[in-house]
Each structure stands twice: as C-alpha cells, then as structure tokens.
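Read the structure below first, then the notes.
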Amino acid sequence: MKPTKEQSLWMYETMVVSRRFEEAIEKVYLEGKTPAFNMASGPIPGEMHLSNGQEPVAVGVCAHLETGDTVTATHRPHHQAIAKGVDLNRMAAEIFGKSTGLSGGRGGHMHLFDPAVNFACSGIIAESCGPACGAALSRKLQRKPGVAVAFLGEGAANQGAFHEALNLAGVWKLPVVFVIEDNSWGISVPKSEATAVARNDVRAAGYGMPGHYISGNDPYAIFDIAGQAITRARDGKGPTLIEVETYRLAGHFMGDAEQYRPKGEKEALFAKDPIPKMRERLIAEGHAAESLDKLEERAEARVADAITFARDSEYAPETDALTAVFV
1 MKPTKEQSLW MYETMVVSRR FEEAIEKVYL EGKTPAFNMA SGPIPGEMHL
51 SNGQEPVAVG VCAHLETGDT VTATHRPHHQ AIAKGVDLNR MAAEIFGKST
101 GLSGGRGGHM HLFDPAVNFA CSGIIAESCG PACGAALSRK LQRKPGVAVA
151 FLGEGAANQG AFHEALNLAG VWKLPVVFVI EDNSWGISVP KSEATAVARN
201 DVRAAGYGMP GHYISGNDPY AIFDIAGQAI TRARDGKGPT LIEVETYRLA
251 GHFMGDAEQY RPKGEKEALF AKDPIPKMRE RLIAEGHAAE SLDKLEERAE
301 ARVADAITFA RDSEYAPETD ALTAVFV
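Residue numbers (the UniProt record's numbering): 1 to 327.
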C-alpha cells in the first residue's frame, strides 16, 4: 500500500506543521524561564513534552483515518492531534491556558480534547488503550462504521491497562489499532532495561491479533502497515498491534538535561531527522523543490497565525474557576 501523490504531500506538510508548531511552542515556553529554569514561570507554565522526530508515526497512521474515526493519544500528543485535524488555533490557545482553547484553557497540552474530530489525549500512561476500545465497541454494538486508534509509548506496553485492553479487543474483535511509538526511552530508562522482550509486536499473538514491527521511522512503511491494519478493522476482522521504531529529538520534557543518553546518540538522531529525509524523497519522486518550499511557507504561516491567536486571546475570568466542576 503506497500513498498517492496527494497523500504524500499531505504527510509532508503535516510533518512540517507539527515541527514548526513545536519549535514555536518551545520558544514561547522558555520565555521567563531563564537564566534559572523555573517550570512555573512564563506564558506556558507546567511541563511540556515535544514530539519532534516522531512525526512519521502520526501522519502514516492518520492518513487513513476519517473525521468520525477516534484517536486517543499520549502526553506527547501534538503531532497526532495535528495529523487528526485538531483545530490548530484552539490547540495553541489551550496550551497557553486561554479561554479560546479547546477546553477553555483547563486541560493544557497533555489533555487536548476535540470532539469535532474525535481526538483526546491524557497524561496517564497507557490511558489511551481503554477509551479506544470503548469507542470501537460502541461502533460495533451500534453497527456503525468507524475505527479507533490508540497511540502509546513503548513503556506503556508494560502497564496493566495495555494488556487488559488488548485482551478485550481480541475477545470482542474490536475495530481498533494499537500503535506503540518506540522511541527507546521511558523517561530516562532504556527499553532494554524495562521490557522483557525486544519488540512489543510479539505480544500481539497472546491476544489473538496480528503484530507488526516497523523499523527506521519511515513514513511510507508506516503508511503501508497502518493502512492494512485499519482496512482490516473496517472490514470487521478485529484489532492489530503495531510497534514503530521512532526517535524523539528532544528530552522527555522541556528542561530535561538528557544526561542519560549515551554520548553521540542525539547527533546520530538528528542525522536521521525524518523531515529533511522525506523532502529528499519527494524531490527524488519528481516533486519540484519550489512547490515544497511553498508548502513549507504555508505551514509556517498556519503556525504563526495559531501562535498569534493564542497570544491575543483572553484568559477566562476568575469567576469561571467554579464552572464545569463537579461538586
């Protein structure tokens, strides 16, 4: 299964939007946090987890999804939210804590929620798995079309919620796809020291579903396997587990000193940056560099507009603190 010309360009543009968005967020996030790093300072207080380097996973999967399909994601969600079509302006405003945000600024970047495109994420490890099964089960019981995709990290595959969800998905043959983003690090712990198997795709057999491993952070390979899995789910044949070898180019969170990384690892990862690699591939396939330049300019303009929208938006009045609260 290969992407069409239009799909390839969409994948590349979406990767660029995601990268430029995170670069812009990183710049704003650091405002007021120097020279001494204080997570509580600046226009974006709190933790910030960047997904730069992992963009191929999001576009390779979401290229096959429709608006009505459900995506549940992790605490590192920007690339997946953008690929699923979450409103970029309202997403930026939510990260800034503004009233125009997706949840009025209450959720922040780890709890993005956009019912218009059926996207949600959470800061709880492996939390994506259960809700994805629920969404898939609801479709099956109501005999409605649609699939669900749960994104999670390789460390989350050791959580009980992951195994419970896979078991239920296998028992009920749910239209759900579990996608593990294997970036090698669970915060500062390497996968080899935390997981008994080298590849989590082998765990699929224990729950009666196919398992696939994709190496090299290749958006085309991800597109191929994800397309097969999503088609299988739409055809009523049940769930699939996919693990993708990917890379996070930043630390676990903004401010992470990354002292746990072996010497030379980051330099090697930047040499494999998937965005310039995909640009080279598109040019080799016959796309004009000038057209890709225009695409990149359009992506940068979208991001600039979103950041301006977020900065210019108002905070909710203090009287809103007690609204949308269960008492």
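C-beta: ideal position from N, C-alpha, C; glycine also.
Minimum Cβ-Cβ distance from residue i to chain C less than 8 Å
i     : result
Pro43 : This model lacks chain C altogether; it includes just one protein chain.
Which of helix, strand or coil DSSP assigns to residue i
i      : result
His287 : coil
Asp182 : strand
Ala87  : In the sequence as displayed, the identity of residue 87 is Asp instead of Ala. Asp87 falls in the coil class under three-state DSSP.
Asp312 : helix
His49  : coil
Ala150 : strand
Tyr213 : strand
Ala299 : helix
Phe37  : coil
Phe119 : strand
Val197 : coil
Thr70  : strand
Thr240 : strand
Glu13  : helix
Asp235 : coil
Val202 : helix
Pro145 : coil
Phe253 : coil
Phe113 : strand
Glu55  : helix
Val28  : helix
Pro274 : helix
Glu245 : strand
Pro190 : strand
Val325 : coil
CB-CB length for residue i against residue j, believed under 8 Å
i           : j      : result
Val59       : Val179 : 12 Å between Cβ atoms; not a contact.
Leu282      : Ser8   : 6 Å
Gly227      : Met1   : 4 Å
Gly251      : Ala194 : At roughly 18 Å, the Cβ-Cβ gap does not stay under 8 Å, so Gly251 and Ala194 are not in contact.
residue 328 : Ile125 : The question about residue 328 has no answer, for the chain in this structure spans 1 to 327.
Tyr207      : Gly170 : 4 Å
Proximal residues to residue i (C-beta, below 6 Å), its chain only, five neighbours per side dropped
i           : result
Cys129      : Ala150, Ala161, Phe162 and Ala165
residue 328 : Summary: the structure shown does not reach residue 328, with the chain confined to residues 1 through 327, and so no result is reported for it.
Ala24       : Val303 and Ile307
Thr72       : Ala120, Ser128, Pro131, Ala132 and Ala150
Leu168      : Cys133
Ala221      : Ile214
Whether residue i touches residue j by CB criterion (8 Å)
i           : j      : result
Gly105      : Gly97  : yes
Pro56       : Pro219 : yes
Met278      : Thr240 : no
Glu245      : Gly216 : yes
Gly146      : Thr74  : no
Phe223      : Ala63  : yes
Arg232      : Tyr213 : no
Ser122      : Met110 : yes
residue 329 : Leu50  : What the structure shows of the chain is the stretch from 1 to 327, and residue 329 is not part of that stretch, so it cannot be assessed.
Ala310      : Ala92  : yes
Met48       : Met254 : yes
Asp235      : Asn89  : no
Arg248      : Gly53  : yes
Ala268      : Arg203 : no
Gly191      : Asp182 : The sequence shown places Lys at residue 191, not Gly. Against a cut-off of 8 Å, the Cβ pair of Asp182 and Lys191 comes out as a contact.
Glu13       : Leu295 : yes
Beta-carbon proximity list for residue i, same chain, < 8 Å, skipping 5 on both sides
i           : result
Gly68       : Asn118, Pro145 and Gly146
Gly108      : Gly46, Glu94, Ile95 and Gly97
residue 328 : Since the first residue shown for the chain is 1 and the last is 327, residue 328 is missing from the structure and cannot be characterised.
Glu314      : Lys98, Ser99 and Thr100
Lys266      : Leu249 and Glu258
Ala324      : Gly104 and Arg106
Arg139      : Pro145, Gly146, Val147, Ala148 and Pro175
Val197      : Arg203
Residues near residue i by beta carbon distance below 7 Å, same chain, minus five either side
i      : result
Ile225 : His212, Ile214 and Ile242
Asp114 : Val86, Asp87 and Leu102
Ala316 : Ser99, Gly104 and Gly105
Between the stretch 28 to 42 and the stretch 256 to 276, do at least 3 Cβ pairs fall closer than 8 Å?
no
Between the stretch 184 to 197 and the stretch 169 to 176, do three or more beta carbon pairs fall short of 8 Å?
no
Would you say the stretch 14 to 22 touches the stretch 286 to 306, given that touching needs at least three Cβ pairs under 8 Å?
yes
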